[in-house]
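K.L.:
Under our numbering, the sequence shown has 222 at position 223, and the numbering climbs by one with no breaks. Cβ coordinates follow ideal geometry from the N, Cα and C atoms, glycine included. I'd like to ask some things about the structure below.
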Amino acid sequence: MVRTILHVDMDAFYAAVEQRDHPEYQGRPLIVGSDPKGGTGRGIVSTCSYEARRFGVHSAQPISQAWRLCPHGVYVFPDMNKYADVSGMIMRILAGYTDMLEQISIDEAFLDVTGCRRLSGTGREIAEKIKRHISGELRLTASVGVAPNKFLAKIASDLEKPDGLVVVNPGMEKEFLAPLPIRCLWGVGPKTGEVLKKIGLHKIGQIAAVPQHDLERLLGDTGARLWRLSQGIDDRPVEPVEGRKSIGHEMTFEKDTADFDVIRAALLELTEKTARRMRLEKVRARTITVKFRKEDFSTFTRQTTLGETADTVGKIFPVALELIKGLFHEGTRVRLIGVYASNLQANSSPDGGAQLDLFRQTSRKERKLAEVVDDISRRFGDRAITRATLIPQRKH
0 MVRTILHVDM DAFYAAVEQR DHPEYQGRPL IVGSDPKGGT GRGIVSTCSY
50 EARRFGVHSA QPISQAWRLC PHGVYVFPDM NKYADVSGMI MRILAGYTDM
100 LEQISIDEAF LDVTGCRRLS GTGREIAEKI KRHISGELRL TASVGVAPNK
150 FLAKIASDLE KPDGLVVVNP GMEKEFLAPL PIRCLWGVGP KTGEVLKKIG
200 LHKIGQIAAV PQHDLERLLG DTGARLWRLS QGIDDRPVEP VEGRKSIGHE
250 MTFEKDTADF DVIRAALLEL TEKTARRMRL EKVRARTITV KFRKEDFSTF
300 TRQTTLGETA DTVGKIFPVA LELIKGLFHE GTRVRLIGVY ASNLQANSSP
350 DGGAQLDLFR QTSRKERKLA EVVDDISRRF GDRAITRATL IPQRKH
């Protein structure tokens, strides 16, 4: 049976939520990210509105460069608790159309609606219903790609943003792909792209015309995979998963620092944010990973598996701190650190879902405190309450 796969991708998600909630931002170039500090900020752009993109601003761009391109834009800090809330609403809407739902990030998901066609209509009709549902209930727009497989649906959803709907009919896979640039193929980065361009391959249709064994001889296993994708072949199923695969935060320091007290305080704040998002999404982590980038941009990660799942700072921070200590050496100047929680498990019980250790009372007190902090943050914003040790880190 030919499958019908949808890829639903929210348009400029963080920025769209902010513009929805702040009418004064609508129609203005909006950049969500770190403080630009008048062009001297060291963070990056999380996302930006389409108005800002007209000035050359884009996601993952240094915030200082965004400021140079668009100094008159509106710059706001990301509110991850709010975005996670909205993401949950979106995923609940999508789950109403099929149980074959694979969330791949906070604002996008694959749906296999093959079994829904008799009841709900064609892939295009289901996509139109989803777009209307999200727009009517959440006042946000989504772009949707409809195709026989995940690869094609993902590309299709990106072609007519914002508020787009592109359908790739069965049998038209190669014709759809042929005029697109090779960078649209998954796995074609700068290096592979240069190799392909040197032999005159600039469009996907040109790669599709090359014999498979020639691409394999040139690029090995990567060549075989690119040839299959250029033919529109992708057999991967939509795999329902319990929420996201990982939750985490990272921070770029304003100045590279060798002060471990500064690094420790930053790690504590990142752990606080990560634990709060886990509790918000009702998941607990079995694996903790830290990210560590030096001044020369060399980047390292370390991870460990916990004896029991956790979603509080008291359980996660000591582990993350030990991992960071293993990467830090006296005199090392650090540019960025991050902490991530993965191997997530759903948590619905009031005491956190894990077997309580001998310090049962301490665990309960810690969770109760975390719940109070979560409630204050929901009501008054992420920056309304902080730990005393982090007060020197805050400027407000």
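Between LEU158 and TYR13, what straight-line distance do the alpha-carbon atoms span, to the nearest angstrom?
P.N.:
Roughly 20 Å separates the two Cα atoms.
K.L.:
Between which two residues does the alpha helix (DSSP H) holding TYR96 run?
P.N.:
Here TYR96 belongs to no alpha helix (DSSP H), and DSSP marks it neither H nor E.
K.L.:
On a Cα-Cα basis, can you pick out the residue from PHE259, GLU238, LEU305, ILE336 that is closest to LEU269?
P.N.:
If we check each option's Cα against that of LEU269, ILE336 comes out closest.
K.L.:
List, from N- to C-terminal side, the alpha helix (DSSP H) runs of 4 residues or more that fit wholly inside the segment 159-233.
P.N.:
Segments of the alpha helix (DSSP H) lying fully in the segment 159-233: 172-176, 189-197, 203-207, 211-218, 220-229.
K.L.:
Looking at the strands, I want to know which residues DSSP matches up with GLU253.
P.N.:
Per DSSP, none; premise fails for GLU253.
K.L.:
DSSP three-state call for ILE105: helix, strand or coil?
P.N.:
Three-state result, ILE105: coil.
K.L.:
Quick check on the DSSP output: the alpha helix (DSSP H) that includes SER134 runs from which residue to which?
P.N.:
Residues 122-137.
K.L.:
Given that a residue counts as buried once 16 or more other Cβ atoms are within 10 Å of its Cβ, and exposed if not, what is ILE375?
P.N.:
It is exposed - the Cβ of ILE375 has fewer than 16 other Cβ atoms within 10 Å.
K.L.:
Sorted by chain position, which residues of the same chain lie with C-beta nearer than 8 Å to ALA51's C-beta, five sequence neighbours on each side aside?
P.N.:
Taken in chain order, the residues that qualify are ALA14, PRO28, LEU29, ILE30, ALA65, CYS69, GLY72.
K.L.:
Where does the unbroken alpha helix (DSSP H) through ARG301 begin, and where does it stop?
P.N.:
First-last for ARG301: 298-309, but that is the beta strand (DSSP E), not the alpha helix (DSSP H).
K.L.:
Is it buried or exposed for ILE206, if we count other Cβ within 10 angstroms and need 16 for buried?
P.N.:
It is buried - the Cβ of ILE206 has at least 16 other Cβ atoms within 10 Å.
K.L.:
Could you work out which residue in ASP295, ASP106, SER48 is closest to ILE89 when comparing CA atoms only?
P.N.:
Closest option to ILE89, Cα to Cα, is ASP106.
K.L.:
Tell me whether LYS314 is buried or exposed, calling it buried when 16 or more other Cβ atoms sit within 10 Å of its Cβ.
P.N.:
That one is buried.
K.L.:
By Cβ distance below 8 Å, which residues in the same chain neighbour ARG216 in space, the five residues on each side in sequence not counted?
P.N.:
Result list for ARG216: GLY222, in chain order.
K.L.:
Please report the straight-line C-alpha distance between ALA257 and GLU101, rounded to a whole angstrom.
P.N.:
Approximately 41 Å, taken between the alpha carbons.
K.L.:
Given that a residue counts as buried once 16 or more other Cβ atoms are within 10 Å of its Cβ, and exposed if not, what is LEU228?
P.N.:
Counting Cβ neighbours within 10 Å, LEU228 comes out buried, since at least 16 surround it.
K.L.:
What are the start and end residues of the alpha helix (DSSP H) that includes VAL312?
P.N.:
Unbroken alpha helix (DSSP H) run through VAL312: 312-326.
K.L.:
On the DSSP bridge list, what partners appear for GLN344?
P.N.:
Paired residues: ARG283.
K.L.:
Grab the span of the beta strand (DSSP E) containing VAL16 for me, first residue to last.
P.N.:
Where VAL16 is concerned, there is no enclosing beta strand (DSSP E), although the alpha helix (DSSP H) it sits in stretches over 12-20.
K.L.:
May I ask you to report which of helix, strand or coil DSSP gives VAL289?
P.N.:
Three-state result, VAL289: strand.
K.L.:
Tell me where the alpha helix (DSSP H) around ILE62 begins and ends.
P.N.:
Taken as a continuous stretch (DSSP letters only), the alpha helix (DSSP H) holding ILE62 covers 62-68.
K.L.:
Quick one, are the C-beta atoms of LYS290 and THR298 less than 8 Å apart?
P.N.:
A contact, by the Cβ cut-off of 8 Å.
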